[in-house]
Structure formats: C-alpha cells, structure tokens
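Notes follow the structure.
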Amino acid sequence: MSGAKKSLLLHLGLIAILFALGFLLPVYHQGNLARILVLATYAIGYNVLFGYTGLLSLGHAMFFSAGMYGLGLAMHHGGVPAVPAFVIGVIASALLSAAVAVLALRTLGVAFMIVTLMFAQAGFLTILYFGAWTRGDEGFVLPQAVREVAGLDLTDPMTRYMTALLLFSAALLVTARMMQMRFGNVLVAVRENEERTTMLGYDVFKHKFVAVVISGTLSGAAGAAYGLLFGYVGATFASVQYSIFPLLWVLLGGAGTTIGPLVGAFFTFYLIDYASSLTSAYMLIVGLVLVLLILFARAGIMGEVRKRWAGWLP
Amino acid sequence: MTLLETRGLTRHFGGLTAVDTVDFQLPAGQVHALIGPNGAGKSTFVGMVAGRIPASAGEVWFDGADVTDLPAHARIRLGMAYTFQITAVYARLSLFDNVALALRQRSEPDVLAALDRVGLADRSAQIAGDLAYGHQRLLEIAMGIAQQPRLLILDEPTQGLAESEIEGFNALISRLRAETTILLIEHNMDVVMALADVITVLDAGRVLASGTPEAIRADAAVQEVYLGAGHAQA
Amino acid sequence: MDFGPYLLLASLEGAVGASVLALTALGLSLVFGVMRVVNVAHGEFFMLGAVIAWFVASQIGGQPALGFVAALIIAPLVVGGLAIVADRLVLKRVAYNPEATIVATIGMLYIIQQAALMTYGPDARPVEPPFNSRIAIPWFEFGEEGFEIYYPWGLSTTSYKLFVIAAAVVMLLGIWALLSRSKLGLLMRATQLDRETARAFGIPVERVYSLVFGFGAGLAALAAVLIVPIQQAHYLMGGDPLLLSFIVVILGGLGSLRGTLVAALLIGMSDGIISVFFSPTLAKIIATMLVALVLVFRPQGLFGKKAL
Chain Z
0 MSGAKKSLLL HLGLIAILFA LGFLLPVYHQ GNLARILVLA TYAIGYNVLF GYTGLLSLGH
60 AMFFSAGMYG LGLAMHHGGV PAVPAFVIGV IASALLSAAV AVLALRTLGV AFMIVTLMFA
120 QAGFLTILYF GAWTRGDEGF VLPQAVREVA GLDLTDPMTR YMTALLLFSA ALLVTARMMQ
180 MRFGNVLVAV RENEERTTML GYDVFKHKFV AVVISGTLSG AAGAAYGLLF GYVGATFASV
240 QYSIFPLLWV LLGGAGTTIG PLVGAFFTFY LIDYASSLTS AYMLIVGLVL VLLILFARAG
300 IMGEVRKRWA GWLP
Chain W
0 MTLLETRGLT RHFGGLTAVD TVDFQLPAGQ VHALIGPNGA GKSTFVGMVA GRIPASAGEV
60 WFDGADVTDL PAHARIRLGM AYTFQITAVY ARLSLFDNVA LALRQRSEPD VLAALDRVGL
120 ADRSAQIAGD LAYGHQRLLE IAMGIAQQPR LLILDEPTQG LAESEIEGFN ALISRLRAET
180 TILLIEHNMD VVMALADVIT VLDAGRVLAS GTPEAIRADA AVQEVYLGAG HAQA
Chain F
0 MDFGPYLLLA SLEGAVGASV LALTALGLSL VFGVMRVVNV AHGEFFMLGA VIAWFVASQI
60 GGQPALGFVA ALIIAPLVVG GLAIVADRLV LKRVAYNPEA TIVATIGMLY IIQQAALMTY
120 GPDARPVEPP FNSRIAIPWF EFGEEGFEIY YPWGLSTTSY KLFVIAAAVV MLLGIWALLS
180 RSKLGLLMRA TQLDRETARA FGIPVERVYS LVFGFGAGLA ALAAVLIVPI QQAHYLMGGD
240 PLLLSFIVVI LGGLGSLRGT LVAALLIGMS DGIISVFFSP TLAKIIATML VALVLVFRPQ
300 GLFGKKAL
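Protein chains in written order, with numbering that gives the first Met the number 0: chain Z, 0 to 313; chain W, 0 to 233; chain F, 0 to 307.
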C-alpha cells in the first residue's frame, strides 16, 4: 500500500475512533475531549510553522486570541450570529498573521522567537488596555442563546463534541494533504536547509509567509471555535502561557507528525488535570516536561514511534 | 553567444575588497575554470553571479538580460544551477526526496533517471546523510544536472574526493559539456587542465590572466603567483 | 503638585528603577554576550533573589540592617549557585543550541516560579529597609520676590532610595573594573569574541560559561535584594524585570556594556515617567513594540555591532 493511502487510512481511522468515542464516553470526559480537539486544532496550526517549516514562534497566542476576540466581540457587542462571527474571527487572525509575517520574517532563529513573543505580549497588553470593550482579564461570557447554528444548540454536549470533531478533522486532513503536495515538501526543505532551497530556485520568503498565514489562521479558527463552543472569551488566552502551550503539545506529541499535535494536547490536558488536583502550582509540570523533552526526547511521542517502528508515519 | 557576463563586478567586506571590478565573459557551451590562490575571491565572485551574495558594485548579465537586481532564486529559475563548496544536500531526506526537490516534481521514472546519471539510482531510498562524502557530492551534482540548467556553477567539486572518484567526475563533466555551460572553481590542476576550454586566474580580487590551458601554463605572472603552475594542489 | 515637581518626582522614581534595571539587564547582557544564549528564566532568578532576601531577613530578625546585609550576600550566592547547577545539568547538555536553550529556559522559568509558589506562597510580603528617612526635595519658582525655593508637599524621596541609586552606581563601576581589568574579565571577553580560539588557547570555555551564567543570575538576585524593601517580594515579580531587561539588552546591542547602561537609563527613566503620567500598561505596550521593531529593522540595536 502506498504511503499516501496508508496515511489516509490512518487519519480516517482516527476520526472514526473519535466519532465513536463521542457516543461511548461519559459526559465529563466527552466535554474534556471536545476541549482537547479544539486545542489540538490550535496545535496543528502551530505544527505547520514549527514542525514542518522549522520556525519556532513564541507568540501564537496572538493568533488564537485574534480568532477568539474576533468572534467574541462581534457576538457580544455587534450581536452577530455564530457563523458570520466565526468567519470574522478567522479573517481577523489571517490578517494579523500576514501583518506579523511581513515584519517577523525579516528575522531568523532566536530573533524571530523574541519578535513573535514581543508582538504577542503587545497584543495581550492591548486587550488589557482596552478593557472597556474587552473586559480585560475578567473576560466575558457568551450566553447560551447566541451559541447556536442552524437551530442546533452548541451548548448541548453532543453537538458541541461533534462540532469540535468536525473542526479537528478538517484541520487534520487539510494539513496532511498539504504536506503531501509540493508546497509541503518545500516547507520541509526550507526547514532542513534554507540556503540550499533558495539555490534550487524556490522563493523561500514566499513559502515562509504562506506558512505563517496558514499557521496563524488555523490557530485563529481554533480560538474562535473555543470561544463559541465553551462560551468564554478572556485575556488569559492571549497571554504567554497560551503561546507556550502549543509548543509543549507539539514537542511532546511529535513535531512534524500529523497525529503528534493531538497526542500532545491529550496528554498535557490530562497531566495538568491530574496535577492541578494536587497543587495550584501545576505549571511546574509544564516546565519539567519541557526540560525533559528538550534534553532526552526531542522527537516527541509520535516522532519516536516514527523513528523506531513506523517510518511511513506521516 | 555570451551566456554570462559581468561588468565591473565588485564586492567589499568592511575595509577589504574581495572582488575588484571584474569584467568576465562566458560563451555558451564552454567549460570554464576559475583558479587562483586562497582568498583570491573566487567563491565570492561566483556567489555574486548566482545571487547568493549581493554585489557592492557592477552588473551581472545572464542570457542577454541584466540580472543584477534579481534575487538568487529567480536567477536559478532563469537557468542557473549551483553546487556549494561544502556539500549542501538535505542530509535527513532520502536521495529520492533530494532529487525530487531539484526536479520540482516527484515522478519516479524522472527522479531515478536523474540519479542514474551519477550512478546512484539503486540507492534512491537511502538517507543522504548516510552516504559517503564523495557520493554526497555526486548527489549534489545530480541535483544540479536535474534542473537542466543553461549554466552549471560548481564550487570546488572535487574537494574531498578520492582519485577514482575524480576520474568518474571528469568523465561525467565530459559527458555534460554538450548540454550545458559549466563554470567551475577548482584547485586540482589536473582536473582543470583536463576539462577546461578556458581558464581565468584570479588573484586578490582581480583577473590576473585568462586564456587556454596552454597559454595559462606558460604565463609568467601566473607561475609567479602559484610558485610553479601545473602542479596538483589537492 | 504642579507639573515641574511632579516630573522631578517621576524622574527620581525612574532613576531608582533604572539603577536596578541596569544591574539586572547587565546580567542578561553578559549571558547573551559571552554564551550567545537567551535566558528566559532570568526574571525568575530576580524573583528568587527577592524571595530569599525575605526569607533571610525574617529568619535573622532584630535590626533590619542585619537581615538586609545578610540577604545582600546570601541571595546572590545562592541564586548564582543554582544557576551554575542549571547550566551544568541542562544548558551544557543541549550544547548551548540557541533554540533548545530558549525552550529549556522556558521550562526552568516555570519550574522556579511554581516552586516559589509552592513554598513561598501567592502572597506579597515586604522586607524592611535598613534605613528609611524621608527627604524632602526643594523646588524653585519665580514668585513675586524673584527666585524662591520651597518644598512642595508630596515631593520627597527616601534615604533608602538614594542609597539604591548610589549602590547600583558603585556596583556597576566595580563590574566594569572587573571586566576590563581583571584576568577573569579578560577570559570572559576572550570567550565572547571567539569561542574556538579561546579554547585553542587553553581557556576552559565550559567553566567560563558556567561562571558567567551564575554571575548573570547573581546580578539579577542582587538587584532584587536592593529593590525588595521598596517593592515587596511576590512569586510573579519576575515578569516585568525580564521584559525590561530584554528591551535594554536588545536596544543597547549585544555585548556592549556601554549600550546596556545607556539603554537601562533610557528605559528605566521613560518607563517610570510614562507609568506616572499615562498608564503602566501603555508604557509596556510601547516598550514591547519597540523591542520587536528594533529587532526587525535594526538587529544590532542602537549601539551594538553584532546582531542576535
């Protein structure tokens, strides 16, 4: 069986399992998994830039929150219904990604990391500064009444779960397909040896630019979905923490693999869930895992699987 | 026809002038060797031709068009191919993936045919970084040839190769001369004398002499610079 | 208070901030400059200094001056030692690879910060300054009888704040002397200029790195001990110093001691003044955007010669 066919089967199989879990899981875990699926979409977006293109951003929270606030402000202040608000959120994050890309891509390596971090911090602070509209740290709730699409109540656990699964599946299949196409191959080439790629005739800047926009837009879609499905918009999602999380999820799950983001988000969610029942200092776990990963297991879980057993793993 | 031309091409690095107003002409179909002592500016010159290094002054003309302001990737698209002094292949990708990137498509027959020209077709699934150094160089040349370039630029292609591999390289270049124009930087005088139609000698950023191998071998100024031209320098 | 005295007050507060910032940023700059790595946990070393100072002061009790002096010695040493351990255990193992180091120091940030939360707790606690008398500052104006000096109500500083400024100046001079005159300073500068050549000359580069990392952390801790009688110790207090140090180092340019000092003065003063006249949030927004844009358009900073 060809690599592409195996890959498609793997992804469809995974989606089928997740679909089944929607009916099998008790409500508490079903709700958790819905959250995980949306966050995994965020991680997939981050993986496009970090795992495939090799650019480490420390500011992705600005894209996630651009989507979230685009949707949230439109619904809260403008009374815009769910679907158009979602589109607004996605467009907001796409525009922001393009603007950031134009500036940040003039830098490389460590400078790129710091520039993205700084832009994201400025974004976070701006949300606080305009607290009159954004309600700052406190945030605001999106009432149940507005969270419905075509008569379907998104607060209903099953509807919410399936919507999250729909979002995740779309992101998974689209990025998987993209990486099989020439554009995806060139992204990997840019990651592996940028100058060599230029000297093979590829416009590296253009490829990086598109990668940033795709990555930021996926992240923004996840942010908008998170606000819509879980009903809360707040500045926390624009803070540094939410830029570190996708890095952790992707590193843990396996950078540059299609399933890694989900695996990483899943494990981190339950790890923190467990840790926060023990102590309020649960972020300690995050720190510890990051250090251990970077020291001993940079390929992450699916990365190790690919290295040792399943070289065909996408 | 003149395929490549530089006019007054110059490069400064701070206070140092690495390449000093070089006028250069390369007719289509020629195999042209660029030689000179270390630090003469050969790699810098060739880097400016390909667009890797921006010129401080002067012009680069390719196939009748001024490409001085064109970025490197655009010049490659116009028909240049470039191999690095220190081999630059995708070490973590397979030979197949390497050549596919050079070909810009992944059709198996085409990729294998390109690998076959350097005798590496049977190893297409291997990871490039696992190859012996000499074979990695061959892979890089295969990637260059795969682009079917008008101008193939080779920066010290035989450096690090064993004697037998150098013979293979000479044979490969001889087969290629019908298809493409070749500009190569070399230190190995045997290779230069065997392959080159014309040799240009650079010293301290300027053209010292330019002519047929026999003329260069007899040139007194070149002999002085090299303290005995014609000896192999590997 | 009128504008003039108000500005003077803001400037004095800014000068205190700038002094502490200069020390903190210098620590980060040395690590940047010699080791070529970004230490995102630098702010947490600062916080640790403050927390340890509180701990030492509360253990010693009695005269606040005693506890303060003890903290001034103990905190930098402890934090510096911890940093050296972190360098040996983690940074050395990733061979100081720039991206891996940043991720590792992010991890260290959370470990240190949350460990402080678990042990020290979420509260902010004060440390008594060794001395703290109020000093009124005169202001002048041209009144009916010509030039007059008076003391506007509210325009004052404290002896301790003046001490902080003086102490910082003394320490900075001392460090400058250390870097430019001593053998250790020479080793550090040599390693910064060319790592490979330094190694070829027999300089124990790895040991210099550990020392520099420890020294940088110790400087941050020292700065924190100076500021904690004014500010209070809190487990989240590392964030602002980190951001401001970043700004200073990036604006001032890599490996430029003078650049770091000038930038610290600029940033410290303007942060103080903007915070007083406008809002602290706005000051921070301007600051973060400034760092980003400098990195994008002028990576060598305002004074430096080499880029990140």
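Ideal Cβ positions, reconstructed from N, Cα and C, are used throughout, including at glycine.
Task: Contact list for the segment 60 to 79 of chain W against chain Z, Cβ threshold 7 Å - done: Going along the segment 60 to 79 of chain W in chain order, one finds 71, 72, 75 and 76 with a Cβ nearer than 7 Å to chain Z.
Open item on the list: Report the CB separation of residue 93 of chain Z from residue 226 of chain Z in whole angstroms; it is logged as a contact under 8 Å.
Closed with: So it is not a contact: roughly 17 Å between Cβ atoms.
Task: Any alpha helix (DSSP H) of 4 or more consecutive residues that is wholly inside the segment 33 to 104 of chain F - done: DSSP runs (the alpha helix (DSSP H)) wholly in the segment 33 to 104 of chain F: 41 to 59 and 63 to 85.
- [ ] For residue 223 of chain W, decide whether its Cβ has a neighbour in chain Z, counting only Cβ atoms nearer than 8 Å.
- [x] No, because no Cβ of chain Z sits closer than 8 Å to the Cβ of residue 223 of chain W.
- [ ] Return the chain-ordered ranges of every alpha helix (DSSP H) run that is complete within the segment 159 to 207 of chain F and spans a minimum of 4 residues.
- [x] The segment 159 to 207 of chain F contains these whole alpha helix (DSSP H) runs: 182 to 192 and 194 to 199.
Open item on the list: Assuming residue 79 of chain W and residue 113 of chain W are in contact, meaning their beta carbons sit under 8 Å apart, how far apart are those beta carbons, in whole angstroms?
Closed with: No, residue 79 of chain W and residue 113 of chain W are not in contact; Cβ-Cβ is about 17 Å, not under 8 Å.
- [ ] Would you mind sorting residue 5 of chain W into buried or exposed? The rule is 16 or more other CB atoms within 10 Å of its CB.
- [x] In the assembly as shown, residue 5 of chain W is a buried residue. Its beta-carbon has 16 or more other beta-carbons within 10 Å.
Open item on the list: Considering Cα atoms alone, identify which of F:100, F:152, F:137 and F:163 is closest to residue 229 of chain F.
Closed with: Of F:100, F:152, F:137 and F:163, the residue nearest in Cα terms is F:163.
Task: Reduced DSSP category for residue 276 of chain Z - H, G, I as helix; E, B as strand; rest coil - done: helix
- [ ] Using a Cβ-Cβ cut-off of less than 8 Å, list which residues of the segment 104 to 121 of chain Z approach chain F; keep chain order.
- [x] 105, 106, 108, 109, 110, 112, 113, 114, 117, 118, 120 and 121
Task: Span separating the alpha-carbon of residue 59 of chain F from that of residue 131 of chain Z - done: Rounded to the nearest angstrom, the two C-alpha atoms are 47 Å apart.
Task: Short CB-CB distance (under 8 Å) between residue 233 of chain W and chain Z - done: Residue placement at residue 233 of chain W is flagged as unreliable, the pLDDT there being 41, under the threshold of 50; the coordinate-derived value follows with that caveat. Closer than 8 Å: no.
TODO: Using the Cα positions of residue 112 of chain Z and residue 30 of chain W, report the straight-line distance between them to the nearest angstrom.
DONE: 45 Å
Open item on the list: If the criterion is Cβ atoms closer than 8 Å, does the pair residue 103 of chain Z and residue 115 of chain Z meet it?
Closed with: yes
Open item on the list: Looking only at its chain, what residues have a beta carbon closer than 6 Å to the beta carbon of residue 57 of chain Z, apart from the 5 residues adjacent to it on each side?
Closed with: 112, 115, 116 and 242
Task: Option nearest residue 102 of chain W by Cα separation, candidates Z:270, Z:238, Z:198 and Z:162 - done: Z:198
Open item on the list: By the three-class DSSP mapping on this structure, what secondary structure does residue 309 of chain F have?
Closed with: No answer is possible for residue 309 of chain F: it lies beyond the span of chain F, which begins at 0 and ends at 307.
Task: Rounded C-alpha distance that separates residue 96 of chain Z from residue 129 of chain Z - done: One Cα belongs to residue 96 of chain Z, the other to residue 129 of chain Z, and the distance between them is close to 21 Å.
Task: Residue environment, residue 180 of chain W, which counts as buried when at least 16 other CB atoms sit within 10 Å - done: buried
Open item on the list: With a threshold of 8 Å, are at least 3 pairs of Cβ atoms found where one atom belongs to the segment 24 to 34 of chain Z and the other to the segment 150 to 165 of chain Z?
Closed with: yes
Task: Neighbourhood of residue 175 of chain Z by C-beta, 7 Å cutoff - its chain only, sequence neighbours within 5 removed - done: 6, 10, 257 and 313
TODO: Would you verify that the beta carbon of residue 285 of chain Z is, or is not, closer than 8 Å to some beta carbon of chain F?
DONE: yes
Task: Pairwise C-alpha distance: residue 132 of chain F and residue 141 of chain F - done: Rounded to whole angstroms, residue 141 of chain F to residue 132 of chain F spans 29 Å at the Cα level.
Open item on the list: Please tell me whether residue 104 of chain F and residue 39 of chain F are closer than 8 Å, where the distance is taken between their beta carbons.
Closed with: Contact: yes.
- [ ] Note down, in chain order, all residues in the segment 99 to 126 of chain F with a beta-carbon under 7 Å from any beta-carbon belonging to chain Z.
- [x] 99, 101, 102, 103, 105, 106, 107, 108, 109, 110, 113, 114, 116 and 117
- [ ] Using only alpha-carbon positions, find the residue among W:160, W:151 and W:194 that is nearest to residue 178 of chain W.
- [x] For residue 178 of chain W, the closest alpha carbon among the candidates W:160, W:151 and W:194 is that of W:151.
- [ ] Can you grab the Cα-Cα spacing for the pair residue 80 of chain F / residue 213 of chain F, in whole Å?
- [x] 6 Å
TODO: Flag this pair as yes or no: are the beta carbons of residue 154 of chain W and residue 184 of chain W separated by less than 8 Å?
DONE: yes
Task: Contact list for the segment 86 to 97 of chain W against chain Z, Cβ threshold 8 Å - done: 87, 88, 89, 90, 91, 92 and 96
Open item on the list: I'd like the list of long-range same chain contacts for residue 224 of chain W, defined as Cβ closer than 8 Å, with 5 residues on each side in sequence excluded.
Closed with: 35, 36, 200, 202 and 207
Task: Per-residue DSSP class, three states only, for residue 57 of chain W - done: Of the three classes helix, strand and coil, the one that applies to residue 57 of chain W here is strand, per DSSP.
Task: Interface positions of the segment 167 to 193 of chain Z facing chain W (Cβ-Cβ less than 9 Å), listed along the chain - done: 181, 184, 185, 187, 188, 191 and 192
Open item on the list: Given this structure, state the Cα-to-Cα distance separating residue 176 of chain F from residue 19 of chain F, to the nearest angstrom.
Closed with: 19 Å
Task: Residue-chain proximity (residue 182 of chain W, chain Z), Cβ-Cβ < 8 Å - done: no
Open item on the list: Please list, in chain order, the chain F residues whose beta carbon lies closer than 8 Å to that of residue 227 of chain Z.
Closed with: The premise fails here: residue 227 of chain Z is roughly 28 Å from chain F at the closest Cβ pair, so nothing lies under 8 Å.
Task: Cβ shell of residue 60 of chain W (< 6 Å), same chain only, five flanking positions each side left out - done: Contacts found: 4.
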